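Data block below; observations after.
Residue numbers (this note's numbering): 52 to 131.
In structure tokens form, the structure reads like this:
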């Protein structure tokens with residue numbers, strides 16, 4: 052399902068794990084954000100990202116995201 056090209060929109064994914072590492076101060080000016088999917092499976096995806104400024108890595112992110120079971124997703128309900 053993760054690779055189904057017939058889907059009109061990407062599937063809803065739950066965050067299983069998310070890590071943020073602050074490496075250097077992040078300035079208020081322009082930054083460059085780069086993200087990559089590092090592993091794609093039938094029911095999960097792993098990704099990593101960085102925020103850079105002036106060639107220095109300011110923040111690193113890694114995450115694992117999973118496709119929930121149908122009964123775990125509540126569609127069209129606003130959170131109040």
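Using N, Cα and C, we set each Cβ at its ideal position, and we do this for glycine too.
Just so it is clear, the structure is predicted and the values come from calculations on it, not from any experiment.
Buried/exposed call for residue i, threshold 16 Cβ in 10 Å
| i | result |
| --- | --- |
| residue 84 | exposed |
| residue 88 | exposed |
| residue 86 | exposed |
| residue 96 | buried |
Pick from the options that is closest to residue i, judged by C-alpha positions
| i | options | result |
| --- | --- | --- |
| residue 64 | 57, 108, 98 and 111 | 98 |
| residue 74 | 103, 93 and 120 | 103 |
| residue 82 | 105, 60 and 119 | 105 |
| residue 67 | 117, 58 and 80 | 117 |
Endpoints, beta strand (DSSP E) assigned at residue i
| i | result |
| --- | --- |
| residue 92 | It is not in any beta strand (DSSP E) - residue 92 carries neither H nor E in the DSSP assignment. |
| residue 114 | 107-117 |
| residue 123 | Note, residue 123: premise wrong, no beta strand (DSSP E); not H, not E. |
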